[in-house]
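In what follows, a single structure is set out as structure tokens and then discussed.
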Amino acid sequence: MTIRLHHVAGSRSFRILWLLEELGLDYQIIPYRLDDGSTRQADFLALSPLGRVPALEVDGLSIFESGAIAQYLLERHPEAGLAPAPGSAARARFLEWLHFAETQGALLEQLNIQHIFLRPVEARSPVLMKLLTRRLAVTLQAMEARLTRQDSLLEGGFSAADIMLGFNIPAVFRFLSASDYPALAAYGAAMASRPAYLRAMERSGPQALYAKDFYEIPHG
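Quick note on the numbering used here: the sequence shown kicks off at 2 and runs consecutively.
Encoded structure:
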């Protein structure tokens with residue numbers, strides 16, 4: 002099997018990098034940057050029409066969107082035990098959390114735009130930042146309630162849903178205080194200590210998006 006992951010360090014493509022390590026698969030990383038136009042080149046747009054990572058090539062088949070890629074890989078490798086069986090009640094809970102990761106990810110993306118990317122600075126909206134932060138807090142409250150009762154999102158233990166949402170944890174605490182979510186903070190630390198996560202981090206390289214540990218909402 003030939004696998005090529007199109008990847009930007011610190012981006013959502015890390016989810017797939019981590020998953021590939023959990024699955025024990027061999028793969029090649031094709032690196033990109035967000036600031037050099039490489040994701041807008043025609044050859045990459047042929048793989049991912051919006052010019053976004055991740056994109057994955059498996060034996061000549063290309064697929065984009067991290068949730069779709071995760072489901073595809075899990076279906077090809079059910080022996081790994083990272084997803085409940087289709088049709089089971091646990092599968093329904095798994096799919097909820099798997100896609101909840103993108104609900105949360107969309108809020109993080111908008112906060113990144115407001116705090117980091119939007120220029121000039123005067124174009125940023127403190128009102129919108131407050132609204133997005135409150136909505137992000139609701140997603141953390143849902144996870145906190147779950148993780149207060151158990152160590153992973155599913156009762157059956159670690160799954161690919163933990164990969165999808167575990168990737169988000171360092172980012173959410175750029176905008177909300179980890180001290181307000183002790184169970185989630187402990188969960189994030191546990192996810193970051195997994196051997197597959199550490200191997201993926203080593204292969205990925207450091208993120209270049211966040212220049213601050215915490216982003217305050219400006220007055221306005």
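From the three backbone atoms N, C-alpha and C, an ideal C-beta is built for every residue, glycine too.
Residue 1 versus residue 176 - alpha carbon distance:
Absent from the model: residue 1. The displayed extent of the chain is 2 to 221, so no value can be given.
Using a Cβ-Cβ cutoff of less than 8 Å, which residues in the same chain neighbour residue 157 once the five nearest sequence positions on both sides are dropped?
Along the sequence shown, read from residue 1 onward, the residue named residue 157 stands at position 156. Cβ neighbours of residue 157 beyond the five flanking positions: 85, 91.
DSSP on residue 120, reduced to helix/strand/coil?
Reading the sequence shown from its first residue, position 119 is the one you call residue 120. DSSP places residue 120 in coil when its eight states are reduced to three.
Tell me the DSSP secondary structure of residue 41 in three-state form.
Working through the sequence shown from its first residue, we reach residue 41 at position 40. Three-state result, residue 41: helix.
What distance in whole Å lies between the Cβ atoms of residue 48 and residue 4, which are believed to be in contact at a cut-off of 8 Å?
Taking the first residue of the sequence shown as 1, we reach residue 4 at position 3. Taking the first residue of the sequence shown as 1, we reach residue 48 at position 47. That belief does not hold up - the Cβ atoms of residue 4 and residue 48 are roughly 13 Å apart, past 8 Å.
Classify residue 215 as helix, strand or coil using the three-state DSSP reduction.
As a first step, residue 215 is located in the sequence shown; it is residue number 214 there, counting from the start. In the structure shown, residue 215 sits in coil (DSSP, three-state: anything other than H, G, I, E or B).
Buried or exposed for residue 118, going by 16 or more other Cβ atoms inside 10 Å?
Taking the first residue of the sequence shown as position 1, residue 118 is located at position 117. When all chains shown are included, residue 118 counts as exposed.
Going by beta-carbon coordinates alone, are residue 70 and residue 55 separated by less than 8 Å?
By one-based count along the sequence shown, residue 70 stands at place 69. By one-based count along the sequence shown, residue 55 stands at place 54. In contact: residue 70 and residue 55 (Cβ atoms closer than 8 Å).
Status (buried if at least 16 other CB within 10 Å, exposed otherwise) for residue 130:
Taking the sequence shown and counting its residues from 1, one reaches residue 130 at position 129. Counting Cβ neighbours within 10 Å, residue 130 comes out buried, since at least 16 surround it.
Please say whether residue 173 and residue 109 have beta carbons closer to each other than 8 Å?
Residue 109 sits at position 108 when you count from the first residue of the sequence shown. Residue 173 sits at position 172 when you count from the first residue of the sequence shown. Taking the C-beta atoms as reference points, residue 173 is found nearer than 8 Å to residue 109.
Looking at the unbroken beta strand (DSSP E) that takes in residue 56, where does it start and where does it end?
As a working note, residue 56 is residue 55 in the sequence shown. Residue 56 -> beta strand (DSSP E) spans 56–59.
With the cut-off set at 8 Å, would you say residue 74 and residue 164 are in Cβ contact?
Locating residue 74 in the sequence shown gives position 73, counting from the first residue. Locating residue 164 in the sequence shown gives position 163, counting from the first residue. Not a contact, by the Cβ cut-off of 8 Å.
Residue 13, buried or exposed, once every other Cβ within 10 Å from all chains shown has been counted against 16:
In the sequence shown, counting from the first residue as 1, residue 13 sits at position 12. Per the 10 Å Cβ criterion, buried.
When you compare each of 134, 41, 197, 62 to residue 219 by their alpha carbons, which one comes out closest?
Stepping through the sequence shown from its first residue, residue 219 is reached at position 218. The shortest C-alpha separation from residue 219 is found at 134.
Starting from the C-beta of residue 23, find all residues in its chain whose C-beta is less than 6 Å away, skip the five residues before and the five after it, and write them out in chain order.
Along the sequence shown, read from residue 1 onward, the residue named residue 23 stands at position 22. Once the five neighbours on either side are set aside, the close Cβ partners of residue 23 are 197.
Within the same chain, show all residues whose beta-carbon is closer than 6 Å to that of residue 170, passing over the 5 residues directly before and after it, in chain order.
Against the sequence shown, residue 170 aligns to sequence position 169. These residues qualify, in order along the chain: 189.
Residue 201, buried or exposed, once every other Cβ within 10 Å from all chains shown has been counted against 16
Within the sequence shown, the letter at position 200 stands for residue 201. Looking at its Cβ environment, which holds 16 or more other Cβ atoms inside 10 Å, residue 201 is buried.
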